[in-house]
Amino acid sequence: IIATGGVGKSSIALLAAKDTAERRGKLTVYFDGENTLSDSYFKRMGVPKDKFIIVKGRNLEDMLDQAEQFAQADEVGTIIIDSIPIYVSSVVEAKSSGDNTIGIEAKRFTSRMPIIEGHAINRDICIIGLTSYKLNPGAMGDPRVLQRGEWQKTMSNTTLDLTKKDLIKDKEKNVIGHKIEAR
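Under our numbering, read the sequence shown as residues 894 to 1076, first letter to last.
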């Protein structure tokens, strides 16, 4: 799922996980790199927290290793990675700010995700990757640039591009949500 921040990517992923729990009785593994999940969030979304394994942390290699293990577990129905740009490689963390680290995370994802996806396909596990784009105002054509590389477009089976639209207000004119356009 691709969008800017605050659109509802995590909420949509949680609703997909809720469906996995209710229809299939399977677990969701949620890699919460953004550290956004809370009890109140689960309650608001009506999601059964007991059907979740929440994995915290931001190390890319750790996340990929764990995702591969979970992709081989028959009890798992959904794996959510929230959010792809958050995960940083150990190689990048060890370098100084002046060192060239362009493409390291993209290469790590590109080499590991087909393996993880292969395991997931064999067990009918859905992988949902959440990512955001930045705008490049000087770009010709589409100004959206994906962090961690364009591989996310080519490796996706389905891509949802979300845009935040009109606000939804209650009777007292309090904002309670917003409409989302999906492409």
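Backbone N, C-alpha and C fix where the C-beta goes; we use that ideal spot for every residue, glycine too. Please read these numbers as outputs of a predicted model, since none were measured by experiment.
Residue nearest to Arg917 in terms of C-alpha spacing, selected from Cys1019, Lys1057, Val1068, Asp958: Taking the first residue of the sequence shown as position 1, residue 917 is located at position 24. It is Cys1019 whose Cα lies nearest to the Cα of Arg917.
Outcome for Asp1063 when other beta-carbon atoms lying within 10 angstroms are tallied against a minimum of 16: Working through the sequence shown from its first residue, we reach residue 1063 at position 170. It is exposed - the Cβ of Asp1063 has fewer than 16 other Cβ atoms within 10 Å.
One or two residues paired with Ala1075 in a DSSP bridge: On the sequence shown, position 182 is the one that residue 1075 refers to. Partner(s): Leu1055.
Buried or exposed (CB count within 10 angstroms, at least 16 for buried), Gly939: The residue labelled residue 939 in the question sits at position 46 within the sequence shown. Classification for Gly939: exposed.
Uninterrupted alpha helix (DSSP H) stretches inside the segment 918-969 (no shorter than 4 residues): 932-938, 953-963
Start and end residues, alpha helix (DSSP H) containing Asn1015: As a first step, residue 1015 is located in the sequence shown; it is residue number 122 there, counting from the start. Looking at the DSSP string, the run of the alpha helix (DSSP H) that includes Asn1015 is 997-1015.
Helix, strand or coil at Asp912 [DSSP, three-state]: Walking along the sequence shown from the start, residue 912 turns up at place 19. Here Asp912 sits in helix by DSSP.
Spatial neighbours of Leu1060 in its chain, beta-carbon cut-off 6 Å, leaving aside the 5 residues before and after: As a working mapping, residue 1060 is identified with position 167 in the sequence shown. Same-chain partners within the cutoff: Val1068, His1071.
N-terminal and C-terminal residue of the alpha helix (DSSP H) that Ser983 is part of: Here residue 983 refers to the residue found at position 90 of the sequence shown. Its alpha helix (DSSP H) spans residues 983-987.
CB of Ile947 within 8 Å of CB of Leu920, strictly: Against the sequence shown, residue 947 aligns to sequence position 54. Against the sequence shown, residue 920 aligns to sequence position 27. No; because the gap between Cβ atoms is not below 8 Å, this pair is not in contact.
6 Å CB neighbourhood of Val984 in its chain, flanking five on each side removed: Position 91 of the sequence shown, counted from the start, is the residue given in the question as residue 984. Within the same chain, Val984 has close Cβ partners Ile997.
DSSP bridge partner residues for Asp1063 (one or two, in chain order): As a first step, residue 1063 is located in the sequence shown; it is residue number 170 there, counting from the start. In DSSP, Asp1063 forms no bridge with anything.
Cut-off 6 Å between Cβ atoms - residues of its own chain near Ala910, not counting five sequence neighbours on either side: Stepping through the sequence shown from its first residue, residue 910 is reached at position 17. Within the same chain, Ala910 has close Cβ partners Thr921, Thr971.
Candidates Gly991, Asp1017, Lys988, of which the one nearest Gln965 by Cα: By 1-based counting over the sequence shown, the position of residue 965 is 72. Checking every option, the nearest Cα to that of Gln965 belongs to Asp1017.
The segment 951-961 touching the segment 929-936, judged by at least three CB pairs closer than 8 Å: no
Cutoff 6 Å; reference Arg1005; Cβ partners in own chain excluding five residues on either side: The count along the sequence shown starts at 1 and reaches residue 1005 at position 112. Cβ neighbours of Arg1005 beyond the five flanking positions: Leu957.
DSSP state of Ser976 mapped onto helix, strand, coil: Here residue 976 refers to the residue found at position 83 of the sequence shown. Looking at Ser976 - three-state DSSP - the assignment turns out to be coil, as it is neither helix nor strand.
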